[in-house]
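Numbering-wise, the sequence shown is residues 844 to 1022 according to our numbering.
The beta carbon of each residue, even a glycine, is placed where N, CA and C say it ideally should be.
As the structure is a prediction and not an experimental result, all values here were calculated from the model.
This report refers to the structure that appears directly beneath it.
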Amino acid sequence: MADKAEKPEVAAVPEEGGGKKKLPLWVIILIASQVVLVGVALVVFKMMNSASHAEKEAPPTAAEQKVDPEKVKDPKTLMGPSYDLAPFIVNLIDDGRGARYLKIEIKLELETDAVKGEIESRLPQIRDELLVLLSSKRQTDVETSDGKRILKDEIFTRANKILVTGRIKRVYFTEFVVQ
């Protein structure tokens, strides 16, 4: 009986095949960090590959940009006949910053050469319309690229409103200075 009292009871240990073993925490952290490192390496590799690919597709040099009109399939890539308007210098609306001026030179791309004659005959009307438009702007209206794009659209619309027989295809700013 004394022997029985001195023996501690042993908890039942499951057999080796029947129970699940838990992985230590440090093993899980090691595996997770390896997965993250492989992911980062893949992202870096993709970024480096796309950067080198972008270098291979660099824009053409000036010598490569020469275009043979016979080889061009899209007529939109060539500029059509154009008309240069005399420079405009207008006061912008004062918004508390003092007097501001806009000097702008505009080139109009035309549908056909015949439109040049109509523009020349209606030049006072076109310039008047554009002077009223330009002087109605604030510096904040024209200093951003979106503002310039909106101004181009307004010039396009107002000039085409005056023309009867032909149309303007595009408006280009060849000089744009706000002072």
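CB of residue i within 8 Å of CB of residue j, strictly
{"i": "Ile1011", "j": "Ile949", "result": "no"}
{"i": "Ser1006", "j": "Glu952", "result": "As written in the sequence, residue 1006 is Leu, which differs from the Ser given in the question. No. Outside cutoff."}
{"i": "Gln982", "j": "Asp938", "result": "yes"}
{"i": "Glu954", "j": "Gly923", "result": "yes"}
{"i": "Lys995", "j": "Val1014", "result": "yes"}
{"i": "Glu1018", "j": "Ile969", "result": "no"}
{"i": "Val1020", "j": "Val985", "result": "no"}
{"i": "Leu935", "j": "Leu921", "result": "no"}
For residue i: DSSP bridge partner residues
{"i": "Ile1011", "result": "Leu953"}
{"i": "Ser925", "result": "Glu952"}
{"i": "Val933", "result": "Leu945"}
{"i": "Val1021", "result": "Leu945"}
{"i": "Phe1016", "result": "Ile949"}
Residues of its chain near residue i, where Cβ-Cβ distance is below 6 Å and the 5 sequence neighbours each way are ignored
{"i": "Ser979", "result": "none"}
{"i": "Arg965", "result": "Ile1005"}
C-alpha gap between residue i and residue j, whole angstroms
{"i": "Ile932", "j": "Arg943", "result": "10 Å"}
{"i": "Ala1002", "j": "Gly941", "result": "30 Å"}
{"i": "Lys865", "j": "Ile874", "result": "15 Å"}
{"i": "Pro867", "j": "Gln877", "result": "16 Å"}
{"i": "Val881", "j": "Ser988", "result": "42 Å"}
{"i": "Leu976", "j": "Pro967", "result": "14 Å"}
{"i": "Phe888", "j": "Val879", "result": "14 Å"}
{"i": "Met891", "j": "Val870", "result": "32 Å"}
{"i": "Lys959", "j": "Val886", "result": "56 Å"}
{"i": "Phe1016", "j": "Ile993", "result": "12 Å"}
{"i": "Val883", "j": "Ile872", "result": "16 Å"}
Own chain partners of residue i with C-beta closer than 8 Å, once the 5 adjacent residues on each side are dropped
{"i": "Ala957", "result": "Thr1008 and Gly1009"}
{"i": "Leu973", "result": "Leu928, Phe931, Ile949, Ile998, Arg1001 and Ala1002"}
Contacts around residue i, its chain only, beta-carbon distance under 7 Å, and the 5 residues preceding and following it disregarded
{"i": "Ser925", "result": "Lys950, Leu951, Glu952 and Leu953"}
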